[in-house]
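Everything on this sheet refers to the single structure shown next.
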Amino acid sequence: MGSTDNLLNQMNEKYQKLSKGQKKLAAYIRENYDKAAFLTAARLGETVGVSESTVVRFAIHLGYKGYPEFQKALEELVRNKLNSIQRMEVTYGKVPQSEILDTVLHSDIDKIKMTMEDIDHDAFELAVETILNAKNIYIVGIRSCAPIASFLGFYFNLLFDRVHLLNTNSSSELFEQMIHIGKEDVIIGISFPRYSMRTLKALEFANNRNAKVITLTDSIHSPMNLYSSCNLIARSDMASIVDSLVAPLSVVNALVVALSMRRQEEVVTTLETLEKIWDEYQVYNSDEINLADNHEIELKNPKQQEAGYRD
Numbered sequence: 001m002g003s004t005d006n007l008l009n010q011m012n013e014k015y016q017k018l019s020k021g022q023k024k025l026a027a028y029i030r031e032n033y034d035k036a037a038f039l040t041a042a043r044l045g046e047t048v049g050v051s052e053s054t055v056v057r058f059a060i061h062l063g064y065k066g067y068p069e070f071q072k073a074l075e076e077l078v079r080n081k082l083n084s085i086q087r088m089e090v091t092y093g094k095v096p097q098s099e100i101l102d103t104v105l106h107s108d109i110d111k112i113k114m115t116m117e118d119i120d121h122d123a124f125e126l127a128v129e130t131i132l133n134a135k136n137i138y139i140v141g142i143r144s145c146a147p148i149a150s151f152l153g154f155y156f157n158l159l160f161d162r163v164h165l166l167n168t169n170s171s172s173e174l175f176e177q178m179i180h181i182g183k184e185d186v187i188i189g190i191s192f193p194r195y196s197m198r199t200l201k202a203l204e205f206a207n208n209r210n211a212k213v214i215t216l217t218d219s220i221h222s223p224m225n226l227y228s229s230c231n232l233i234a235r236s237d238m239a240s241i242v243d244s245l246v247a248p249l250s251v252v253n254a255l256v257v258a259l260s261m262r263r264q265e266e267v268v269t270t271l272e273t274l275e276k277i278w279d280e281y282q283v284y285n286s287d288e289i290n291l292a293d294n295h296e297i298e299l300k301n302p303k304q305q306e307a308g309y310r311d
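For the sequence shown, position 127 (counting from the first letter as 1) is numbered 127 according to the UniProt record's numbering, and the numbering increases by one without interruption.
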């Protein structure tokens, strides 16, 4: 068949002639093509509730030589479905400029509320125990998820000795940094649509080395969950020009707090040590802003004062 632009049109045109199972596939793919693109025929069938052979026949019925060619068409669809400008227009095109701030904030609040309602508390507790018992902790997040991975890595470094925030410039570098991962270790993979194949491969590699795998993603159907033993689900919104990752960050905050409470003595010791180091090396003296007793801001950087800033 070869054409990827009209995959959804093909499903719509041939929908009435599809079997009951194939109609279920069409309905799932129409709503979740970004997830389906990462699934094997067997896993897609399992997710939808049909056999692997039904999935293969479905692909052939649409005009593809087999499932691999159909999956490539799905991947192309994910890449081309909506560009950033189109996503912005779809989500905020009818919102007056004066209401954008409130609209975005309310949307983020809704994501946190939905996450609170849906998240698996047992999975959260399992994640805490798994991390506490791990010899090494690996963290991977790519593109818009990289800041969340970095945030998590920053605080984990205050809690644990062996934290590895993976550098994700290339797939080969990922595997080089994970070469020693084993059954006593854990990897935390963070990925939201559009899902990262590099993150998925890193989790697959860790799983093959018998490491524990924890995922932070948006759905139980996320391809990131293929190799995980513990899934933390946080709602996100990838329909807008920016990826709304407020809810995932809240889950990360909760994880850090829960682990800090379990390691209170270590945290206190670490913070006391850091305060001494900061004081000894005057880490903050040159740029720290303090509130003076009279509640006026005291700028401690002499260069700022010379430039005209006053106490």
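Beta carbons are placed, not taken as given, at the ideal position from N, Cα and C, and that holds for glycine. Please read these numbers as outputs of a predicted model, since none were measured by experiment.
Exclusion of the five residues before and after Leu62 leaves Met1, Leu7, Gln10, Met11, Lys14 and Phe70 as the residues of its chain whose Cβ lies within less than 8 Å of its Cβ. Closest in C-alpha terms to His221, from the list Lys24, Leu25, Asn32 and Lys20, comes Asn32. Here the C-alpha atom of Glu265 lies approximately 19 Å from the C-alpha atom of Ala254. Ranking Leu216, Ile181 and Ile137 by CA distance to the CA of Ile190 puts Leu216 first. Per DSSP, the unbroken alpha helix (DSSP H) holding Val56 starts and ends at Glu52 to His61. Excluding its 5 nearest sequence neighbours in each direction, Ile119 has C-beta neighbours in its own chain below 8 Å: Leu232, Ile233, Ala234 and Val251, listed in chain order. In summary, Lys212 is buried, with 16 or more beta-carbon neighbours lying within 10 Å of its beta-carbon over all protein chains present. Membership of His221 in any alpha helix (DSSP H) is not indicated, and neither H nor E is assigned to it by DSSP.
Boundaries for Ile142: no alpha helix (DSSP H) harbours it, and the DSSP string shows neither H nor E there.
Excluding five sequence positions before and after Asp122, none of the CB atoms of its chain fall closer than 6 Å to its own CB. Minimum Cα-Cα distance from Leu152 among the listed residues Val257, Met178 and Arg262 corresponds to Val257.
The stretch 133-141 makes contact with the stretch 169-188; the number of CB pairs closer than 8 Å reaches 3 or more. Within the same chain, Cβ atoms closer than 7 Å to the Cβ of Leu44 are found at Ala36 and Val55, the five residues on either side in sequence being excluded. Under a 10 Å Cβ-count criterion, Met116 is classified as exposed, with fewer than 16 other Cβ atoms of the shown protein chains found around its own Cβ. Taking a contact to require three or more Cβ pairs closer than 8 Å, the stretch 140-154 and the stretch 102-116 do not qualify as touching. Less than 9 Å divides the Cβ of Ser196 from the Cβ of Cys145.
Per DSSP, Lys212 is one residue of the beta strand (DSSP E) stretching across Lys212 to Thr217.
Annotation for Gly21: the continuous alpha helix (DSSP H) segment containing it runs Lys20 to Ala36.
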